[in-house]
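Under numbering that gives the first Met the number 0, think of the first position of the sequence shown as 0, with each following residue one higher. Below you'll find the structure, written out as structure tokens, and then a few comments.
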Amino acid sequence: MSHSFEIPPRLSLAQTPTPLQPLNRLSDRFGGPRIWLKRDDLTGSVLSGNKIRKLEFILARALEQGCDTLITCGGLQSNHCRATALIGAQLGLKVCLVLRGRPDGFPDGNYLLDQLAGAEIRTYSAHTYQAELPKLLDAWADECREQGLKPWVIPTGASDSHGAWGYVQASRELQADYRQCHITPEYVVSACGSGGTLAGLFLGHQAYCPKTQVLGMAVCDDAEYFRQKVDADIDTLCRLYSIKLTPNPDQLEVNDAYIGEGYAQAGPEVFDTIRLMAATEGVVLDPVYTGKAFHGLLTELKNGRFQDCNDIVFVHTGGVFGLFPYREFLASP
């Protein structure tokens, strides 16, 4: 039996509900279950992707506390940082970005949009970023306070116990999608890069769609890391918001077999999957998150993993702007 609980206040930023569409040609090509796509790449034009759902809840809380400055972090092509920069501009907030990696040549993709949105940006080498990120964020927050500002620090990917509500709410939306399409998917699948989307999907599906198992396809850290991150986010959320629901750990799976060389490093098989999806269904994936995760899903399917399933839902978490810096790997000869 499903549970329900009160969803906390959020800003209205995303274009929701997003469509749930069947990938009929791709499903026929691979046989087995029918694959469906939850089009969270359509949450907005430049505000596209999954981060918007999380930021709706985080920013509602930040504004309630009188925040006028957002500080966050990510890679040079971070979808989350791009979304934060644009939302900050939309809301009249100052945005400060701590980015991993040094720009090379003309700005491109998400990094270009960060600049267009007027965000203040500081870039660091991967080594410095990895070793000193908490210190870098705290130092910038202190600078802002000295200037009389009220900063709110948002973690990587907006993945915390507040941001996780975005995909609890999305799970309630998916419950309505499943009913409308007359399906009970055996799995809902998502790329997993910082853990917040997965935590929300897991908690939300336990509440609203308990017969559907949640599968996270890791794009960076290993399965154990993400299990611990999801557990921590859900524990904190339930404590902060007085939620009495203990998710069944057997309903969550993390697959870390398709990370490849590491975060934001995609092999030729991922680019082949991106080409296949675009040419077969007219849907564009990205090399960092959705392309890598969808490649993993199709490989598992080809290996016979889902032959007993009827329906699988893949959450398209966006990332189209991050595609362009990889043009050399995708351009036709």
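Note that beta-carbon positions come from the ideal geometry of N, C-alpha and C, so glycine has one too. Just so you know, these numbers come straight off a predicted model, no measurement behind them.
As assigned by DSSP and simplified to three states, the class of residue i
i	result
residue 248	helix
residue 360	Beyond the ends of the chain as shown, which are 0 and 332, falls residue 360; an answer cannot be given.
residue 82	helix
residue 26	helix
residue 210	coil
residue 119	strand
residue 125	helix
residue 191	strand
residue 161	coil
residue 99	strand
residue 304	coil
residue 224	helix
residue 19	strand
residue 73	strand
residue 288	coil
residue 133	helix
residue 61	helix
residue 233	helix
residue 106	coil
residue 273	helix
Straight-line Cα distance separating residue j from residue i
i	j	result
residue 239	residue 203	16 Å
residue 80	residue 120	10 Å
residue 313	residue 228	21 Å
residue 252	residue 142	41 Å
residue 195	residue 163	5 Å
residue 96	residue 22	37 Å
residue 84	residue 279	33 Å
residue 0	residue 88	Its pLDDT being 39, under 50, residue 0 is placed unreliably in this model, and the coordinates cannot settle the point.
residue 244	residue 208	14 Å
residue 10	residue 303	42 Å
residue 70	residue 288	23 Å
residue 249	residue 56	28 Å
residue 270	residue 297	13 Å
residue 192	residue 222	11 Å
residue 268	residue 325	14 Å
residue 8	residue 161	11 Å
residue 118	residue 90	13 Å
residue 275	residue 282	9 Å
CB-CB length for residue i against residue j, believed under 8 Å
i	j	result
residue 78	residue 50	6 Å
residue 216	residue 190	6 Å
residue 149	residue 72	Incorrect: roughly 19 Å between the Cβ atoms, too far for contact.
residue 218	residue 291	5 Å
residue 258	residue 4	Residue 258 to residue 4, Cβ: 34 Å. No contact.
residue 205	residue 246	4 Å
residue 110	residue 75	5 Å
Opposing strand residues paired with residue i [DSSP bridges]
i	result
residue 68	93, 150
residue 140	Per DSSP, none; premise fails for residue 140.
residue 33	310
residue 254	216
residue 38	315
residue 261	264
residue 186	212, 311
Validate contact between the segment 59-68 and the segment 27-35 using beta carbons, cut 8 Å, 3 pairs: no
Contact the segment 305-314 vs the segment 174-191: 3+ CB pairs below 8 Å: yes
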